[in-house]
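>
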Amino acid sequence: MGLLALRPPRTSSGVWLQIGKKNPKRTLISIDEALDVALCHGWIDSQRKGFDATSYLQRYSPRRAKSPWSKLNVDRVAALTQAGRMRPAGLAEVEAAKADGRWAVAYAPQREAGLPDDLVAALAENAAAAAAFEKLDKTGQYAVVLPLLKATTPKIRAARFEKAVAKLEKLE
Numbered sequence: 001m002g003l004l005a006l007r008p009p010r011t012s013s014g015v016w017l018q019i020g021k022k023n024p025k026r027t028l029i030s031i032d033e034a035l036d037v038a039l040c041h042g043w044i045d046s047q048r049k050g051f052d053a054t055s056y057l058q059r060y061s062p063r064r065a066k067s068p069w070s071k072l073n074v075d076r077v078a079a080l081t082q083a084g085r086m087r088p089a090g091l092a093e094v095e096a097a098k099a100d101g102r103w104a105v106a107y108a109p110q111r112e113a114g115l116p117d118d119l120v121a122a123l124a125e126n127a128a129a130a131a132a133f134e135k136l137d138k139t140g141q142y143a144v145v146l147p148l149l150k151a152t153t154p155k156i157r158a159a160r161f162e163k164a165v166a167k168l169e170k171l172e
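Quick note on numbering: the numbering used here labels position 107 of the sequence shown as 107, and the sequence is numbered without any gaps.
#1: Under the assumption that A108 contacts L136 (Cβ atoms under 8 Å), give the Cβ distance between them as a whole number of angstroms.
#2: Starting from the Cα of D45, find the closest Cα among K163, A127 and S67 and give me that residue.
#3: Applying the 10 Å Cβ sphere with the 16-neighbour rule, what's the burial state of Q82?
#4: I need the straight-line Cα distance from G140 to A164, nearest angstrom please.
#5: If you follow the alpha helix (DSSP H) that P147 is part of, which residue opens it and which one closes it?
#6: Using DSSP with H/G/I as helix, E/B as strand and the rest coil, what is L35?
#7: Any contact of the stretch 90-105 with the stretch 123-133, i.e. 3+ C-beta pairs under 8 Å?
#8: State yes or no: is the beta carbon of L171 nearer than 8 Å to at least one beta carbon in chain E?
#9: Quick check on the DSSP output: the beta strand (DSSP E) that includes I19 runs from which residue to which?
#10: Since I believe L39 is in contact with V77 (beta carbons under 8 Å), could you give me their beta-carbon distance rounded to a whole number of angstroms?
#11: Between the Cα of S13 and the Cα atoms of R59, K21 and A34, which residue gives the shortest distance?
#12: Closest by CA to E112, which one among D118, P62, V145 and I156?
#13: What number of angstroms, rounded off, separates the C-alpha of I29 from the C-alpha of K22?
#14: Please state whether DSSP places K98 in a helix, a strand or coil.
#15: Hey, L57 and R48 are a contact pair by Cβ (cut 8 Å); roughly how many whole angstroms apart?
#16: With P62 as the anchor, note down where its beta strand (DSSP E) starts and where it stops.
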């Protein structure tokens, strides 16, 4: 639990941690352990980059104001709260997200995210966009859907929707 307690969360713009890949020859913190500690302190994971054959670097930083929440992290925080592991800074981030609605609209992870009905309809009406979307792998398709899931207002979502369909149409 003390990983981030060594550096008070709000005094840093972030840290890079060396995370062990599965079955490393040396003992390193796991990605799950690191994320749990980060969430407890109001931090979040972001960029990842390679390091060596047995590990990689993962960036953790204080959660920014209005930062969206994933359903995965909402569920993790529920378990951490139940276990009594959440710290004041982490609880403050949760309360802020609940107060401004970000908690209630947490976005689904890739494996659970379906296609929004309006996107299905738009693709049915636009053969070029549909063909381009079908050529994308699952990660590429999620990259199209994720901005729609993260939109905080109908106006923002509508703009992102139009941009996504137009971009798909140009890809074909």
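Each residue gets a CB set at the ideal place from its N, CA and C atoms; glycine is no exception. In this text, all values refer to a predicted model and were calculated from it rather than measured experimentally.
Reading from the atomic positions:
#1: In fact, because the Cβ distance is near 18 Å, the residues do not count as touching under 8 Å.
#2: For D45, the closest alpha carbon among the candidates K163, A127 and S67 is that of S67.
#3: Q82 sits exposed, since fewer than 16 C-beta atoms from the chains shown fall within 10 Å of its C-beta.
#4: It is roughly 12 Å from the alpha-carbon of G140 to the alpha-carbon of A164.
#5: Per DSSP, P147 is one residue of the alpha helix (DSSP H) stretching across K138 to K150.
#6: Note: L35 maps to helix in three-state DSSP.
#7: Because the criterion of three Cβ pairs below 8 Å is not met, the stretch 90-105 and the stretch 123-133 do not touch.
#8: The structure shown contains no chain E; it holds only a single protein chain.
#9: For I19, the enclosing beta strand (DSSP E) stretches over residues V15 to G20.
#10: Taking C-beta atoms under 8 Å as the contact rule, V77 and L39 qualify, at a distance of about 6 Å.
#11: Distance check between S13 and each of R59, K21 and A34 places R59 closest, using alpha-carbon atoms only.
#12: For E112, the nearest C-alpha among the options comes from V145.
#13: Here the C-alpha atom of I29 lies approximately 11 Å from the C-alpha atom of K22.
#14: Secondary structure at K98: helix, using DSSP grouped into helix, strand and coil.
#15: About 7 Å separates the Cβ atoms of L57 and R48, confirming a contact at the 8 Å cut-off.
#16: Unbroken beta strand (DSSP E) run through P62: S55 to P62.
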